[in-house]
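Report on the structure given below.
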Amino acid sequence: GSSATAIIFFVSAIGGIILSAIFIPNYISVGASGGVFGLIGACLADMVMHWSLLFGKEIDDAGQGWRHLWMCVWLVMDISANVMIGITPFV
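Numbering of the sequence shown is given in my numbering, commencing with residue -9 and proceeding in unit increments.
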């Protein structure tokens, strides 16, 4: 639900800020990228834990398997875009 999503976002955002301060002490960084990557990681973990539910035979027989495949494709594209933005200097 919404509260679990908020907890995942804030915990990963605060963790990202702390790790950024530890590993790059001379550079001030702000932003929500830690929280965004935390939500993406939670989505990936959910997909891995429920793989058979998402991609089982029951889903494919109903014609819904392609929707889940597109979900995976969009998630990989989202990860790629966020990594590219994250490694771009001065952004």
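Think of the CB as a built atom: it goes at the ideal place given N, C-alpha and C, for glycine as much as any other residue.
Remember, it's a predicted structure, so these values are computed and weren't measured experimentally.
Requested in this report: With a 10 Å radius around its C-beta and 16 neighbouring C-beta atoms as the bar for buried, classify S(-7) as buried or exposed.
Outcome: Exposed, since its Cβ has fewer than 16 Cβ neighbours within 10 Å.
Query raised in the report: Out of curiosity, what's the CA-to-CA distance linking W60 and I75?
Result: Approximately 22 Å between the Cα atoms of the pair.
Query raised in the report: On the premise that G25 lies in contact with F0, defined as a C-beta separation below 8 Å, what is that separation, rounded to the nearest angstrom?
Result: G25 and F0 do touch by the CB rule: their CB atoms are close to 7 Å apart, below 8 Å.
Query raised in the report: Is it true that the stretch 8 to 15 meets the stretch 28 to 40, where meeting means three or more beta-carbon pairs spaced less than 8 Å apart?
Result: Between the stretch 8 to 15 and the stretch 28 to 40, the count of C-beta pairs closer than 8 Å stays below three; the two stretches do not touch.
Query - Distance between beta carbons of G21 and S2, contact taken as under 8 Å - result: Contact check for S2 and G21: beta-carbon distance about 12 Å, past the 8 Å limit, so the pair fails to qualify.
Query raised in the report: Mind checking whether S23 and G6 have CB atoms under 8 Å apart?
Result: Yes; because the gap between Cβ atoms is below 8 Å, this pair is in contact.
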